[in-house]
Amino acid sequence: MNRTSPRWSAVVFDLGGVLIDWNPRYLYRQLLGDVDAADAFLDEIGFAEWNANQDAGRPYAEAVEELAARYPSRRELVEAYPARFAETLGGEVQGTAAVLRDVVDAGIPTYALSNWPAETFHHALARFEFLSWFDGIVISGVEGIAKPDPRIFDIIAARYALDPTTTVYIDDSPANLRAAAAKGFGIIAFSDSASLRRSFAELGVLGREAVP
Numbered sequence: 001m002n003r004t005s006p007r008w009s010a011v012v013f014d015l016g017g018v019l020i021d022w023n024p025r026y027l028y029r030q031l032l033g034d035v036d037a038a039d040a041f042l043d044e045i046g047f048a049e050w051n052a053n054q055d056a057g058r059p060y061a062e063a064v065e066e067l068a069a070r071y072p073s074r075r076e077l078v079e080a081y082p083a084r085f086a087e088t089l090g091g092e093v094q095g096t097a098a099v100l101r102d103v104v105d106a107g108i109p110t111y112a113l114s115n116w117p118a119e120t121f122h123h124a125l126a127r128f129e130f131l132s133w134f135d136g137i138v139i140s141g142v143e144g145i146a147k148p149d150p151r152i153f154d155i156i157a158a159r160y161a162l163d164p165t166t167t168v169y170i171d172d173s174p175a176n177l178r179a180a181a182a183k184g185f186g187i188i189a190f191s192d193s194a195s196l197r198r199s200f201a202e203l204g205v206l207g208r209e210a211v212p
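In this note's numbering, the protein residues as written are 1 to 212.
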């Protein structure tokens with residue numbers, strides 16, 4: 001039975017931190033021995049800013065050379081990131097795929113919009129079967145534009161003929177949520193799957209019977 005809410009015509013999920021547990025510390029704690037050493041290394045090289053450029057489309061070959069030139073003693077560790085990217089994926093965020101399944105089963109079109117380098121997204125596709133449930137996926141590294149740049153919300157809306165005013169967007173990043181809201185999307189701040197399910201019930205995306 002199609003139970004699509006008359007108010008909400010589509011749902012868009014972020015991936016990392018919402019459906020997929022991604023964390024570079026998973027790799028670097030193996031390479032450096034513990035979490036504290038991993039954190040110190042990531043802070044030292046400015047990982048977050050560096051990685052954001054790959055999210056926006058910069059090729060890893062260029063990115064690795066640029067960073068290794070600044071931190072030559074860290075070259076092997078820098079090169080390990082794209083080479084062993086699969087080890088940064090910790091698994092599914094507990095319970096969220098089940099919520100996604102309920103949205104799909106309710107007959108509501110579902111999409112993904114994620115900041116993710118184009119060169120490493122195949123690791124996620126190979127590992128997470130639920131990615132095949134989406135009606136469409138927009139990856140920042142493919143587009144050359146990363147959230148919270150508002151243009152990427154225009155891209156997903158235009159590509160899949162979404163009306164932002166009847167589309168719910170879920171993310172764990174306040175900056176991304178603000179950008180989506182500015183484009184007219186309904187927003188849900190993700191913290192865990194139970195609260196997401198409650199938010200869907202309150203908004204009428206899922207019926208109250210979907211909440212345990």
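Cβ atoms here follow ideal geometry from the backbone N, Cα and C, with glycine treated the same way.
- The closest CA to that of D55, considering only G144, T165, G16 and D36, is found on G144.
- Counting only residues of its own chain and dropping the five nearest sequence neighbours on each side, I188 has a CB closer than 7 Å to the CB of V168, I170, L196 and S199.
- Around the Cβ of T165, a 10 Å sphere holds fewer than 16 other Cβ atoms; the residue is exposed.
- Put simply, of G207, A61, D135 and W116 the residue whose alpha carbon is nearest the alpha carbon of D21 is W116.
- Our two residues, A126 and A83, have alpha carbons roughly 16 Å apart in a direct line.
- For L113, the three-state secondary structure derived from DSSP is strand.
- Annotation note: the region 44-89 contains no uninterrupted beta strand (DSSP E) run of length 3 or greater.
- Under the DSSP assignment, I152 falls in the alpha helix (DSSP H) whose first and last residues are R151 to R159.
- Excluding five sequence positions before and after R151, the CB atoms of its chain that fall closer than 7 Å to its own CB belong to I145, given in chain order.
- Bridge partners of A10 according to DSSP: T167.
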